[in-house]
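Our numbering runs 720 ahead of the 1-based position in the sequence shown.
Glycine included, each C-beta is placed from N, C-alpha and C at the ideal position.
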Amino acid sequence: MGMSFWPPRAAGTVARHGIRVYADQPATLPELIERAVVRRAAEPAASELGGRRLTYEELWDETERVAATLQHRHGVEPGDQVAILSANCLDFLIGVIATWRAGGVAVTLNAKYTAPELERQLASCSPRVLLSQPEWLPKSPVAAHVLGEIGNGRFEPPPLSATDPALLMFSSGTTGSSRGALQSHLNLVSAAETWVRCLDLQPDDRTVVAAPMHHATGLNGQSLPVLAAGGSVAIMPRFDAAALVDLLEAGAASFFHAAPTIYTLAMRAARDRRAHGLRVSVSGGAFVSRTLVDRARTFAPGVDFRISYGMTETSSPAVLTPLGWIDERPGNAVGVAVPVDDVRVEPDGEIMFRGATVITEGEWLRSGDLGTIDDRGFVTVLDRIKDVINRGGEKIASLEVEDVLCSHPGVIEAAVVGVSDHVYGEVPRAFVVGDVEAEALRTFARERLAGFKIPVEFVFVEQLPRNSGGKVIKAELRGARGATAAEPHDQELGVHRMRPTTRL
């Protein structure tokens, strides 16, 4: 039901163990990267902005030495976990690949977390060793070793199979504490190959990684696919919107992938400047409005823009906009199922995933999202189940209201949450970043939405609270300025008493 959307390179799949995979995909991550090393030995592979650069041969040699150190100094054996506490850097990428080559499971941690938060995450797993950048050592809850240190010893390649675990990655945790998703070599190889084939990534492609590499976008959806294609990966140690614009304007990336927040901040910093050489660009991890797509294509004229939909448990992509469909897709559809995955909608409206990139291989995974699938296979995400607002029995999808608000030229971004109300039980409140008067925005929304969907209050803020993956933390917004809506109000008559504009 979506296979015809993909080029032959992507659509050629075979059945193995009850799931579809690409016929000629490597079995493991070391095989995936070594394939590029053989073809591109002397070509640039990875670099750290302002730091060192490695060719494929140098990257392979260095990961082998670190893998030997893990084996001989730290006793890492196949299946052992190696935790990595680091901001974006070249040593992070080396540490992850070295862990895979030693047969271990990389556990990627968020360097922004406090010691108690890290302690809670580490309590849910059992790493044999924790590798860290020196600056994070003081807050490590366990004894840690410096990331990138290399000892003596001969590397001994362990036996690996496609179903072996490879990566324990924690979800972004918008509702509270994050969950760990254990991804296999099959999951990650299938995800990387999906990006390469569906986006037609080539050996001369280059990318700038601005997204956190401990999350799926920066590692699974950007770094690994480019390495699989034989291209070059430039790593930003810390996100800086102005610096990113400089890089994209200078042609540093032909492929870019980031959450909508990064696009929004970069385009705000760009003003009238334009990206050059950006061939294909992807965004996902949160709602991608048509307004954001239009603004991104103004910033990068001629770019092939795609929307990705998935979750940590799908290793990155499960649904993707096909080539040429960004304008032709129905409504706000994100795309169709990628060639190695299946998507369905339950009778209650919940979207379900199954396939080669999904951690529960062969079984259906609940997404926690409400959505629809049309007869051509296009998936539309209506809202997170927990974010649907129930106003006196009328259901309001927060994403729909946010999309309308963001289409106003004075709005940069918006988030809509439900707050308790003594009459209707729950009503929508909007938090807005932008330069527009509340009354003008309410009038704009009333022309495009039913009266009961109009936020009873607009709160203007400098920025929305986000986790490290770029997703809005709506739990914080629900608790902001109290949990009860401004009153009195009468939605049917369109009469609202707004509280004064505030800044968070």
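- request: Report the rounded CA-to-CA distance for A1076 versus G1145, giving the unit in angstroms.
  value: C-alpha of A1076 to C-alpha of G1145: approximately 42 Å in a straight line.
query: Which whole-angstrom value is the C-beta distance of A949 and D925, which I expect to be below 8 Å?
result: 6 Å
Contacting residues, own chain, Cβ-Cβ under 6 Å from V1124 (five flanking each side not counted): A1165, R1168 and L1169
- prompt: Under the three-state reduction of DSSP, which class applies to R736: helix, strand or coil?
  reply: strand
- prompt: What is the rounded straight-line gap between the Cα of I1046 and the Cα of T1018?
  reply: 14 Å
task: Report the residue from G738, H737 and A743 whose alpha carbon sits nearest the alpha carbon of A731.
output: A743
field: Contact belief for I753 with L908 at Cβ below 8 Å, rounded distance in angstroms
entry: Taking the Cβ atoms as the reference, I753 lies roughly 11 Å from L908, outside the contact range of under 8 Å.
query: CB S974 to CB G997, shorter than 8 Å?
result: yes
query: With 16 other CB atoms within 10 Å as the buried threshold, where does G738 fall?
result: By the neighbour-count rule (16 or more Cβ atoms within 10 Å), G738 is not buried but exposed.
- prompt: For P847, which residues of its own chain have a beta-carbon under 7 Å away from its beta-carbon, when the five flanking residues on both sides are left out?
  reply: Q801, V802, A803 and V827
query: R991: buried (16+ other C-beta within 10 angstroms of its C-beta) or exposed?
result: exposed
- prompt: Once you ignore the five residues that flank G824 on each side, which residues in its own chain have a CB closer than 6 Å to its CB?
  reply: V796, D800 and V802
task: Quick one: give me the first and last residue of the beta strand (DSSP E) that V1108 is part of.
output: Segment: none, V1108 is in no beta strand (DSSP E) and carries neither H nor E.
- prompt: Going by beta carbon distance, what residues of the same chain come within less than 6 Å of A674, once the five residues before and after it are set aside?
  reply: Residue 674 lies beyond the residue range present for the chain, which begins at 721 and ends at 1224; the question has no answer from this structure.
task: Taking only heavy atoms of the ligand GTP into account, decide whether any of them is closer than 7 Å to the Cβ of E1146.
output: Although the ligand GTP was asked about, the structure shown includes no ligands whatsoever.
message: Distance check for V1054 and H1209, CA to CA, integer angstroms please.
response: In this prediction, H1209 has a pLDDT of 36, which is less than 50 and means its spatial position is unreliable; what the coordinates show is noted afterwards. Counting only the Cα atoms, V1054 lies some 35 Å from H1209.
- prompt: Looking only at C-alpha atoms, which of A972, R755 and A1057 sits nearest to W780?
  reply: Selected option, being the one with the closest Cα: R755.
- prompt: Considering only C-alpha positions, which residue in the set L1102, E913, P923 and A979 is nearest to M933?
  reply: A979
query: How close, in whole Å, do the beta carbons of P1185 and I1174 come, if the pair is a contact with beta carbons under 8 Å?
result: Between P1185 and I1174 the beta-carbon gap is near 23 Å, outside 8 Å, which marks them as no contact.
query: Hey, how far is the Cα of A863 from the Cα of N808?
result: So the two alpha carbons sit approximately 21 Å from each other.
task: Return the CA-CA distance between Y1029 and V1039, expressed in angstroms with no decimal places.
output: 5 Å
query: DSSP on H792, reduced to helix/strand/coil?
result: helix
message: Given this structure, state the Cα-to-Cα distance separating L1119 from A1006, to the nearest angstrom.
response: 10 Å
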